[in-house]
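Note that the UniProt record's numbering numbers the sequence shown so that position 371 is 371, with each residue one more than the last. Right, one structure below, let's go through it.
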Amino acid sequence: MPTLQASREQPAPATERAVPSGGQRADIQALRALAVSLVVIYHFWPHRLTGGYVGVDVFFVISGFLITTHLIQNPPARLGDLASFWGRRIRRLLPAALLVLVASLVATWLVAPSTLWHDTTVQAIASAFYAQNWALAAQAVDYMAADSVPTAVQHYWSLSIEEQFYLCWPVLIMLSGIFVRRRGGSLLSGAACCIVIVTLISFASSALAPSTDAAAYFHSWTRFWELGAGGLAAFVAIWLPAAEGGRTLRTLLAWAGLAGIVFSAWTYDETTVFPGSAAALPVLATALVILAAPVPGAGSPLPLMGLRPVQWLGGVSYSVYLWHWPVIVLLPFALGHPPSWPVKAGALAVVFLLAWGTKITVEDPLRGSRPLGMPLRRSFVFALSGALVVSAVGAGLEWRTRLASEAPTVAAGRPCFGAQALIDRGCDSVHGESLVTPPAFAATDMSPAAERGCVVGGGYTDRASCTFGAASGKQARVALIGNSHADMWLPALDEVAERRGWRVTTYLIENCYTVARKIDFEDKRTGNCASWNRWAIGEVSKGDFDLVITGNRSLQPLVGVSEADKGEVLTRAYEKVLRQWMDGGKRVLVLQDVPRAGFDDDPTDPQCVEANASDLAACDAPISQRDVPVEQADAARQINDERVKVFDPTPYVCPDGICRAVVGGVIVHYDLHHLSGTFVRSLAPQLGVAVEQAMEGSN
1 MPTLQASREQ
11 PAPATERAVP
21 SGGQRADIQA
31 LRALAVSLVV
41 IYHFWPHRLT
51 GGYVGVDVFF
61 VISGFLITTH
71 LIQNPPARLG
81 DLASFWGRRI
91 RRLLPAALLV
101 LVASLVATWL
111 VAPSTLWHDT
121 TVQAIASAFY
131 AQNWALAAQA
141 VDYMAADSVP
151 TAVQHYWSLS
161 IEEQFYLCWP
171 VLIMLSGIFV
181 RRRGGSLLSG
191 AACCIVIVTL
201 ISFASSALAP
211 STDAAAYFHS
221 WTRFWELGAG
231 GLAAFVAIWL
241 PAAEGGRTLR
251 TLLAWAGLAG
261 IVFSAWTYDE
271 TTVFPGSAAA
281 LPVLATALVI
291 LAAPVPGAGS
301 PLPLMGLRPV
311 QWLGGVSYSV
321 YLWHWPVIVL
331 LPFALGHPPS
341 WPVKAGALAV
351 VFLLAWGTKI
361 TVEDPLRGSR
371 PLGMPLRRSF
381 VFALSGALVV
391 SAVGAGLEWR
401 TRLASEAPTV
411 AAGRPCFGAQ
421 ALIDRGCDSV
431 HGESLVTPPA
441 FAATDMSPAA
451 ERGCVVGGGY
461 TDRASCTFGA
471 ASGKQARVAL
481 IGNSHADMWL
491 PALDEVAERR
501 GWRVTTYLIE
511 NCYTVARKID
521 FEDKRTGNCA
531 SWNRWAIGEV
541 SKGDFDLVIT
551 GNRSLQPLVG
561 VSEADKGEVL
571 TRAYEKVLRQ
581 WMDGGKRVLV
591 LQDVPRAGFD
601 DDPTDPQCVE
611 ANASDLAACD
621 APISQRDVPV
631 EQADAARQIN
641 DERVKVFDPT
651 PYVCPDGICR
661 AVVGGVIVHY
671 DLHHLSGTFV
681 RSLAPQLGVA
691 VEQAMEGSN
């Protein structure tokens, strides 16, 4: 996390405030050391310190305190003041951050599987422009990215939030100053009121965020209150100087604050709703330590805080934060297996060495106005240039990934391609003679519907419907409705429809499956999903369609239904919808869901294939070890009517009872439960026959 030059951005010194000879507050340096220790231990040994992620919140409060103090002492009054402030932030933070970004990209290319290259590139570029938290927030709500693996640059999300704070905060203080001065008010009072309002609104949005909203963890707005709390501490420090408190009281407050931080790190875990109201404990505890400003005396934590190792770690905390994550993420790939405890300890020593080297060769020389320092007028040019360099390196990595995308197109017309290897008796190998879809390509080989804005996501408030296949659709009109497990069939259906003159209209949504019951998302999506289903089911019912094609995976629970009863209730719910369409004169084809490629901790097909390129059978498994959801297909079979048919892809995914990662040279799944676009296209002939039979009501 960013550390700031305390000699410039600390509050006006009160008597006996803990300031060592270097001009930095020893207590704040110690807080930095504690914060980075919590984060690093949590990432290296997550089961040893389950709540170590609160170290990020400690950093947020420190940054908010120091930056607000600096802005109060040097309030910006014009654009030039803002430019000067932003230039100093660039010189302080960007050189080391850009260095680690480039190093992480290169290291990813050298040691990580190609399946990580695309995500790493996207996130590195987002990090270079300090928008990483937004990229991760988007990915957190992207159902299609649910099985994503962490990249070596994922930790830049917190730096992005801080940079956004540095961009907005001085503007807020400048505008509040202009406003109150015109009315004869006090700058301090005006700025404090604005910060109180912003902080309270941000805290409310964080506290009220649904527990299932994974994106809230990364949103700027649900995190700004933590920096705002540090900002409010800066005002309190000015209005109530630490010197006015007795030594004993300040000592007790400091220890209480430290205890609050350690308690939250020790007791919080992955089940804690965060950063909601639970974040208030480490945030307020950090502010308490800062305001206590401990001084020497009996029982004071200052002697411990002032230890040279503690102060040293606080000084290199920014670089330690930058380096620790790529090391721990890439280490298993470099070793070929998870690192042992001693190896992790050695890796941690490497992190400290890299951090120390970065501080003395990059951070310190470029921070000030010494001859080696960067003039302010060049800071913005440096920031843009650095971001472009990262983008260029990332583009090179992405180019290598995209080179592979030409291979499936070239091979598509060959015999024994994909699923056809199971049908053509002249094909000797189920896996195929060679791999046609490289893992890096297969990891992103999915339906184009989401990119075209045809899949409803987020809060389920949109009403999206798109058209595929033939433009006119003179031969037949087809509706495709369901969640991503209907969407994944679109590459084949689009191809079949275009050849046969069919017009396909889509009604697609993420995760929400097609039933006339409430699905439990524990937030506003519960009602919005039900509303979307009423709309989409109704549109299909009244539409002039010759055939309705539907497919779903039913992951979320139903409201008021136990897990034990879910299967039976779900089958009846699906049957009700199918009968509604039949009563409206529609024929229906149910796309039976496919067996999963594994469970949450298992590698995806692309990851497994890359790790076992010389032994593809190592990625296969008996169907008995796979989850095979069939509720919607069972509903269709129970109706037992020629107007409702089922297309079962299981024989092509798990031929002879063995689920394959590769069939006919094509990687079958792109994640743990969606078929790859190329494999689906290889099934186009079989899907086309099934669609025609469903239209005709024949077997």
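Even glycine gets a Cβ: it sits at the ideal position worked out from N, Cα and C. The model shown is predicted, which means the values in this text are computed figures rather than measured ones.
Bridge partner(s) assigned by DSSP for THR506: As a working note, residue 506 is residue 506 in the sequence shown. Its beta-bridge partners are CYS466, LEU480.
If you draw a straight line from the alpha carbon of LEU98 to that of GLU163, how long is it in whole angstroms? Position 98 of the sequence shown, counted from the first residue, corresponds to residue 98. Position 163 of the sequence shown, counted from the first residue, corresponds to residue 163. Between LEU98 and GLU163, the C-alpha separation is close to 14 Å.
Could you please give the first and the last residue of the uninterrupted alpha helix (DSSP H) stretch that includes VAL577? As a first step, residue 577 is located in the sequence shown; it is residue number 577 there, counting from the start. That run of the alpha helix (DSSP H) goes 563–583.
Nearest-angstrom Cα distance between GLY598 and GLN625? As a position in the sequence shown, residue 598 is number 598, starting the count at 1. As a position in the sequence shown, residue 625 is number 625, starting the count at 1. Cα-Cα distance, rounded: 8 Å.
How far does the alpha helix (DSSP H) with PHE60 in it extend, from its first residue to its last? The count along the sequence shown starts at 1 and reaches residue 60 at position 60. Here the alpha helix (DSSP H) through PHE60 covers 54–73.
What did DSSP end up calling GLY551 once you bin it into helix, strand or coil? In the sequence shown, counting from the first residue as 1, residue 551 sits at position 551. Of the three classes helix, strand and coil, the one that applies to GLY551 here is strand, per DSSP.
Quickly, what does DSSP pair ILE658 with across the bridge? List them, please. Within the sequence shown, the letter at position 658 stands for residue 658. ILE658 is bridged to PRO622.
Nearest to ILE90 (by Cα), restricted to the options LEU167, ALA349, GLY64: Reading the sequence shown from its first residue, position 90 is the one you call residue 90. That would be LEU167, whose Cα lies nearest to the Cα of ILE90.
With distances taken between CB atoms, is the gap from THR115 to ALA443 smaller than 8 Å? Taking the first residue of the sequence shown as position 1, residue 115 is located at position 115. Taking the first residue of the sequence shown as position 1, residue 443 is located at position 443. Contact: yes.
For the alpha helix (DSSP H) that contains PHE647, what are its first and last residues? Against the sequence shown, residue 647 aligns to sequence position 647. That residue, PHE647, is in no alpha helix (DSSP H); its beta strand (DSSP E) goes 644–647.
ALA636 and LEU578 look like a contact to me (Cβ under 8 Å); what is the Cβ gap, rounded to whole Å? For the purposes of this step, residue 636 is taken as residue 636 along the sequence shown, with counting starting at 1. For the purposes of this step, residue 578 is taken as residue 578 along the sequence shown, with counting starting at 1. Right, the Cβ-Cβ distance comes to about 6 Å (below 8 Å), so this counts as a contact.
Using CA atoms only, rank isn't needed, just tell me which of GLN638, HIS219, VAL668 is closest to SER607. Here residue 607 refers to the residue found at position 607 when the sequence shown is read from its first residue. The residue asked about is misnamed: residue 607 is Gln in this sequence, not Ser. Nearest option by C-alpha distance: VAL668.
List the endpoints of the continuous beta strand (DSSP E) containing LEU591. The sequence position of residue 591 within the sequence shown is 591, counting from 1. From DSSP, the beta strand (DSSP E) with LEU591 extends over 587–591.
Could you tell me which of ALA233, PRO309, ASP620 sits nearest to VAL289, measuring between CA atoms? One-based indexing of the sequence shown puts residue 289 at position 289. When each option's Cα is compared against that of VAL289, the closest is ALA233.
Taking a contact to mean a Cβ-Cβ separation below 8 Å, would you say VAL594 touches VAL630 in this structure? Along the sequence shown, one-based indexing puts residue 594 at 594. Along the sequence shown, one-based indexing puts residue 630 at 630. Against a cut-off of 8 Å, the Cβ pair of VAL630 and VAL594 comes out as no contact.
Short check: CB of MET174 to CB of LEU66, under 8 Å? Indexing the sequence shown from 1 puts residue 174 at position 174. Indexing the sequence shown from 1 puts residue 66 at position 66. Their beta carbons are not under 8 Å apart, which means MET174 does not touch LEU66 by this criterion.
Are GLN123 and GLN154 closer than 8 Å when you measure CB to CB? The sequence position of residue 123 within the sequence shown is 123, counting from 1. The sequence position of residue 154 within the sequence shown is 154, counting from 1. Yes, they are a contact pair.
8 Å contact criterion, which ALA35 and GLY55 should meet: CB distance rounded: For the purposes of this step, residue 35 is identified with residue 35 of the sequence shown, where counting begins at 1. For the purposes of this step, residue 55 is identified with residue 55 of the sequence shown, where counting begins at 1. Contact holds; Cβ gap of about 4 Å.
Using the C-alpha atoms, what's the distance from SER158 back to ASP546? Residue 546 sits at position 546 when you count from the first residue of the sequence shown. Residue 158 sits at position 158 when you count from the first residue of the sequence shown. ASP546 and SER158: Cα-Cα distance of roughly 52 Å.
Taking ASP648 as the reference, give the member of ALA617, ASP641, GLY551 with the closest Cα. For the purposes of this step, residue 648 is taken as residue 648 along the sequence shown, with counting starting at 1. Of the listed residues, the one whose Cα sits closest to ASP648 is GLY551.
Can you round the beta-carbon distance between SER554 and HIS674 to whole angstroms, since I take them to be within the 8 Å contact cut? The count along the sequence shown starts at 1 and reaches residue 554 at position 554. The count along the sequence shown starts at 1 and reaches residue 674 at position 674. So it is not a contact: roughly 15 Å between Cβ atoms.
Taking the continuous alpha helix (DSSP H) assigned at VAL111, which residues delimit it? To locate residue 111, count along the sequence shown from 1; it is residue 111. Here the alpha helix (DSSP H) through VAL111 covers 79–111.
According to DSSP, is HIS669 part of a helix, a strand, or is it coil? Against the sequence shown, residue 669 aligns to sequence position 669. Looking at HIS669 - three-state DSSP - the assignment turns out to be strand.
Integer-rounded CB distance, given that SER84 should sit under 8 Å from LEU101: For the purposes of this step, residue 101 is taken as residue 101 along the sequence shown, with counting starting at 1. For the purposes of this step, residue 84 is taken as residue 84 along the sequence shown, with counting starting at 1. Contact doesn't hold; Cβ gap of about 25 Å is too wide.
Is GLY257 closer than 8 Å to VAL292 when the C-beta atoms are compared? As a first step, residue 292 must be located in the sequence shown, where it is residue number 292. As a first step, residue 257 must be located in the sequence shown, where it is residue number 257. A quick correction: the sequence has Ala, not Val, at residue 292. It is a contact, given that the beta carbons lie within the stated cut-off.
Along the chain, where does the alpha helix (DSSP H) that runs through PRO332 open and close? Position 332 of the sequence shown, counted from the start, is the residue given in the question as residue 332. Here the alpha helix (DSSP H) through PRO332 covers 317–335.
With DSSP as the reference, label ILE423 as helix, strand or coil. Sequence index remark: in the sequence shown, residue 423 carries index 423 (1-based). Here ILE423 sits in coil by DSSP.
ILE195 and GLY230: beta carbons closer than 8 Å? Position 195 of the sequence shown, counted from the first residue, corresponds to residue 195. Position 230 of the sequence shown, counted from the first residue, corresponds to residue 230. Cβ atoms of ILE195 and GLY230: not closer than 8 Å.
For residue 741, I'd like the list of residues in its chain whose CB is within less than 6 Å of its CB, leaving aside the five on either flank, ordered along the chain. Absent from the structure is residue 741, since the part of the chain shown begins at 1 and ends at 699.
Assuming ASN528 is part of the alpha helix (DSSP H), what are its boundary residues? Numbered from its first residue, the sequence shown carries residue 528 at position 528. Taken as a continuous stretch (DSSP letters only), the alpha helix (DSSP H) holding ASN528 covers 525–542.
Minimum Cβ-Cβ distance from VAL691 to chain C less than 8 Å: Among the chains of the structure shown, chain C does not appear; only one protein chain is present.
Give the secondary structure of VAL663 by DSSP, where H, G and I count as helix, E and B as strand, and everything else as coil. Translated into positions along the sequence shown, residue 663 becomes position 663. The answer is strand: DSSP assigns VAL663 an E or B state.
Does the structure place the region 680–691 close enough to the region 571–588 that three or more beta carbon pairs sit under 8 Å? no
What do you get for ASP600, buried or exposed, if any count of 16 or more other CB atoms within 10 angstroms of its CB means buried? Position 600 of the sequence shown, counted from the first residue, corresponds to residue 600. Exposed, since its Cβ has fewer than 16 Cβ neighbours within 10 Å.
Cβ shell of LEU276 (< 7 Å), same chain only, five flanking positions each side left out: As a first step, residue 276 must be located in the sequence shown, where it is residue number 276. In the sequence as displayed, the identity of residue 276 is Gly instead of Leu. Result list for GLY276: SER206, ALA207, ALA209, in chain order.
Looking only at its chain, what residues have a beta carbon closer than 8 Å to the beta carbon of SER465, apart from the 5 residues adjacent to it on each side? Start at 1 with the first residue of the sequence shown, and residue 465 comes out as number 465. So the list reads CYS454, THR505, THR506, TYR507, GLU539, once near-sequence residues are dropped.
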